[in-house]
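Data first, discussion second: the structure below is written as structure tokens.
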Amino acid sequence: MALPEGEFEMPREERYAIPEAGWLGKAIDKGGLIFALGLLAAMLILIQEVVLRYVFNAPTIWAHETTVFLCALAFVYGGLYCTARDSHIRVVLIYDAVSPTVRRGLDVIISIISAIASAFFAWASWELVKRAIFRPDGSIHLETSGSAWDPPFPALLKLFLLAVMAVMTVQFVILAINHARRAVAKREAR
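Here the sequence shown is numbered in the working numbering, starting from 13 and rising by one per residue.
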């Protein structure tokens with residue numbers, strides 16, 4: 013089937029995690045479906061809320077916080093998802109101007125720097141989690157939203173951010189190792 017003029021179909025290999033992402037990248041890629049379904053659920057919840065509010069004059073107290081939480085989860089996971097697929101935004105002015113050999117070296121360097129940055133963000137997330145989960149006396153109490161419904165979504169979102177940043181750090185380490193292996197294999201093949 014021909015696509016309309018100006019549109020193109022993404023090559024099949026670009027629809028999934030890149031090979032250098034390894035088994036973790038494949039798992040992250042598959043996990044994206046869960047968060048896509050979460051966005052679909054958020055949409056359905058908002059439609060329900062509009063109908064309940066404007067047709068039956070019976071709004072809920074949970075719909076808005078739930079949809080914000082679901083969208084925030086998808087947004088946070090999106091960074092990890094893009095990492096596994098190598099589809100993050102980057103400035104390619106230098107990257108596109110160099111030879112493939114230099115690009116392979118840049119892939120290693122970029123992955124190492126990104127791993128370090130992700131580790132710092134994971135540490136910063138831990139600082140947020142400590143305040144969101146532990147009381148000053150050390151007991152556990154999840155931070156809540158303070159609304160009439162008062163769910164523990166703020167604490168859960170901070171925990172999720174910590175987990176994603178930790179996994180992203182590992183993913184960048186895997187990428188650095190596999191990019192380096194690929195660069196060495198290409199050099200030895202010559």
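The beta-carbon is built from N, C-alpha and C at its ideal position, and this holds for glycine as well.
Whole-Å CB distance - ALA53 paired with CYS83, under 8 Å assumed: With 8 Å as the limit, ALA53 and CYS83 do not qualify as a contact, their Cβ atoms being about 10 Å apart.
Neighbour-count burial assignment, LYS170, 16 or more Cβ in a 10 Å radius: Of the other Cβ atoms in all chains shown, 16 or more fall within 10 Å of the Cβ of LYS170; this residue is therefore buried.
Alpha-carbon spacing of PRO166 relative to ALA160, whole angstroms: So the alpha carbons of these two residues sit roughly 15 Å apart.
Cut-off 7 Å between Cβ atoms - residues of its own chain near GLU77, not counting five sequence neighbours on either side: Closer than 7 Å at the Cβ level, and outside the excluded window around GLU77, lie SER157, SER159, TRP161, PRO163 and PHE165.
Supposed contact pair THR181 and ALA134 - C-beta distance, whole angstroms, cut 8 Å: With a Cβ gap of about 6 Å, ALA134 and THR181 count as contacting.
Stretch-stretch touch, CB-based, cutoff 8 Å, three pairs: the stretch 186-196 with the stretch 143-152: These segments do not touch.
Where ILE152 sits in the DSSP three-state scheme: Three-state DSSP puts ILE152 in a strand.
Segment contact, 8 Å Cβ cut-off, at least three pairs: the stretch 33-44 with the stretch 172-189: The stretch 33-44 and the stretch 172-189 touch, with no fewer than 3 CB-CB distances between them shorter than 8 Å.
Secondary structure of PHE132, DSSP reduced to three states: In this structure, PHE132 counts as helix in the three-state DSSP scheme.
Close-in-space but distant-in-sequence residues of the same chain around ASP119 (CB under 6 Å, 5 per side omitted): Within the same chain, ASP119 has close Cβ partners HIS191.
Top-ranked residue by Cα proximity to ALA175, from LEU140, ARG27 and GLU155: If you compare the alpha carbons of LEU140, ARG27 and GLU155 with that of ALA175, the shortest gap goes to LEU140.
For ALA188, the nearest candidate out of TYR107, ASP98, SER151 and GLU155 (CA to CA): Nearest C-alpha to ALA188: ASP98.
GLU32, buried or exposed, once every other Cβ within 10 Å from all chains shown has been counted against 16: By the neighbour-count rule (16 or more Cβ atoms within 10 Å), GLU32 is buried.
Assigned exposure category for LEU105 - 16 Cβ within 10 Å defines buried: Exposed, because fewer than 16 other Cβ atoms sit within 10 Å of the Cβ of LEU105.
Helix, strand or coil at PHE68 [DSSP, three-state]: Correct three-state label for PHE68: coil.
Distance between beta carbons of ALA75 and GLY203, contact taken as under 8 Å: Because the chain is modelled from 13 through 202, residue 203 falls outside the range shown and cannot be assessed.
Element boundaries [alpha helix (DSSP H), containing ILE101]: Neither: ILE101 is in no alpha helix (DSSP H) and is coded neither H nor E.
Sequence-distant residues of the same chain with beta carbon closer than 7 Å to CYS94, five excluded per side: Listed in chain order, the non-local C-beta contacts of CYS94 below 7 Å within the same chain comprise HIS100, local neighbours out to five positions each way being set aside.
Candidates ILE46, VAL110 and VAL88: closest to LEU173 by CA position: When only C-alpha atoms are compared, the closest one is VAL88.
Cβ-based burial, LEU92 [other Cβ within 10 Å; buried from 16]: Flag for LEU92 reads buried.
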